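Below is one structure, written out as C-alpha cells, with a few remarks after it.
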Amino acid sequence: MNIAEKSFEPGAACPLDGIRVIDMSRLVSGNMVSLQLADFGAEVIKIEDPKNGDPLRAWQTDGISVHWKVYSRNKKSVALSLRGARGRELLLDLAATAQVLIENFRPGTLEAMGLGPDILHRHNPGLVIVRVSGWGQDGPYRDRPGFGTLVESMSGYAARTGFADREPVLPPTALADMVAGLYGAMAVVVALREVETKGCVGQVIDLPLLDPLFSFIATEPAIYRLTGTVRERSGSRSETTSPRNVFRTRDGRYIGISASIQAMAERLFRAVGCADMITDPR
Numbered sequence: 630m631n632i633a634e635k636s637f638e639p640g641a642a643c644p645l646d647g648i649r650v651i652d653m654s655r656l657v658s659g660n661m662v663s664l665q666l667a668d669f670g671a672e673v674i675k676i677e678d679p680k681n682g683d684p685l686r687a688w689q690t691d692g693i694s695v696h697w698k699v700y701s702r703n704k705k706s707v708a709l710s711l712r713g714a715r716g717r718e719l720l721l722d723l724a725a726t727a728q729v730l731i732e733n734f735r736p737g738t739l740e741a742m743g744l745g746p747d748i749l750h751r752h753n754p755g756l757v758i759v760r761v762s763g764w765g766q767d768g769p770y771r772d773r774p775g776f777g778t779l780v781e782s783m784s785g786y787a788a789r790t791g792f793a794d795r796e797p798v799l800p801p802t803a804l805a806d807m808v809a810g811l812y813g814a815m816a817v818v819v820a821l822r823e824v825e826t827k828g829c830v831g832q833v834i835d836l837p838l839l840d841p842l843f844s845f846i847a848t849e850p851a852i853y854r855l856t857g858t859v860r861e862r863s864g865s866r867s868e869t870t871s872p873r874n875v876f877r878t879r880d881g882r883y884i885g886i887s888a889s890i891q892a893m894a895e896r897l898f899r900a901v902g903c904a905d906m907i908t909d910p911r
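With the working numbering applied, the sequence shown has no gaps in its numbers, which climb one by one up to 911 at the end.
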C-alpha cells in the first residue's frame, strides 16, 4: 500500500477548500479557532479595526509580533471599522459570501451593533456563527469579563497544578484560549456538516472558555462526586501509576519517566538495576 505524502505547496488541495471564514475576534481564543480552519485549507478573512488592529500585534518579543505571526498564519487581513453604518453594511455583505463567522465580543455586543445572529442569518441562512466568551452567552456569569487566566483558575486547572505545599500554578501559555480554539474548530466542522446535510439551517456555536478547559481536568469532578474531597496537588507524580515523575540525572539535566502499566514498570526497574523494587510493597 502506498501512502500519499502531504504536499505543503500553496496550491495543494486541502480538506476545507472552498470554506470562507470571517474572523472578527481578537487575541487568542477566536484566532485559535480560525487558525485550525486556515491550516486545513479554509479561506480566513481576518477583520481588524483600522486604528488599533488586533491587540495580539502588541505582544512582542525583541520587537517582533511573534504571537501575531503564529496565530494569523494562512489568513487574509481586512481593516474595517464596525463603529459606523457603512462598515457594518460591508461586514454583512462579506458575511453573505461566507460559511463561518467568528466573534469573541462580550455577550450582547454583537446584537448592540446590529449584527446579531438573527440579522446575520437573514443575510446568509446557512451561516455558522461561533460566539466565543469567557462564561457563555447565557447563565449567571454571562455579563462578567472573561479572560483565560480567570478561566484557568475557576475551572480547577490551576488548583490541580503544582505541589501540595506551594500555591496553585497557572499555565505558562494561553491554555484556556487554545483548548477552546481546538474545541471550537471541531464544533465548526460538525456544524458545517449539519448545514450540508440539513440544508440552509444556520448554526450558532456557544463557545465559552470555561467548559472545554473544565473537561481537561478529566476525572477530577467524578472523583469529587464519588469521595466528596478535593485531591491535593501532586506535582509531577500520578495517583494512579508509579513511577511517574521528573527526575534529575547525573549530568544535571532532567528526564520525565512514566511507567503506566505493571509490565512497563518492571522493565524500567530492571533497566536501571533496581529489580528488587518490583516486589517492594511500597
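A virtual CB, placed ideally from N, CA and C, is assigned to each residue, including glycine.
Quick caveat, the model's predicted, so the values are computed rather than measured.
Taken through DSSP and simplified to helix, strand or coil, lysine 635 comes out as coil.
Shortest Cα-Cα distance from glycine 737 to any of Gly902, Pro774, Asn753 and Val729 involves Pro774. Buried is the label assigned to isoleucine 731, since at least 16 other Cβ atoms lie within 10 Å of its Cβ. Nearest neighbour of phenylalanine 776 by Cα position, chosen from Val757, Leu811 and Asp806, turns out to be Asp806. Of the candidates Ala904, Ile651 and Met742, the residue whose Cα lies closest to the Cα of alanine 671 is Ile651.
In this structure, the alpha-carbon of valine 673 lies about 35 Å from that of valine 798. Between the beta-carbon of leucine 711 and that of valine 761 there is about 17 Å, and that puts the pair past the 8 Å contact cut. In the three-state reduction of the DSSP assignment, threonine 738 falls in the helix class. Beta bridge pairing from DSSP links proline 774 with no other residue. The DSSP-derived three-state label of glutamine 728 is coil.
Distance between phenylalanine 669 and aspartate 646, taken at the CA atoms: about 8 Å. The continuous alpha helix (DSSP H) containing isoleucine 748 extends over residues 746 to 752.
Between leucine 685 and glutamate 781, the C-beta gap is not smaller than 8 Å, which leaves the two residues out of contact. Valine 875 and glutamate 895 have their C-alpha atoms spaced approximately 18 Å apart. In the pairwise beta carbon analysis, the segment 765 to 773 is classified as not touching the segment 789 to 804: fewer than three pairs are separated by under 8 Å.
Lysine 635 is classed as exposed because its beta carbon has fewer than 16 other beta carbons within 10 Å across all chains shown. One Cα belongs to glycine 743, the other to leucine 838, and the distance between them is close to 25 Å.
In the DSSP assignment, glycine 885 forms a beta bridge with Val875. Cβ-Cβ distances below 6 Å link leucine 739 to Glu732 and Gly745 in the same chain, with the five nearest sequence neighbours on each side left out; the list follows chain order.
Between serine 887 and threonine 870, the C-beta spacing is below 8 Å. Approximately 5 Å separates the beta-carbon atoms of alanine 667 and lysine 704; this is inside 8 Å, confirming the contact.
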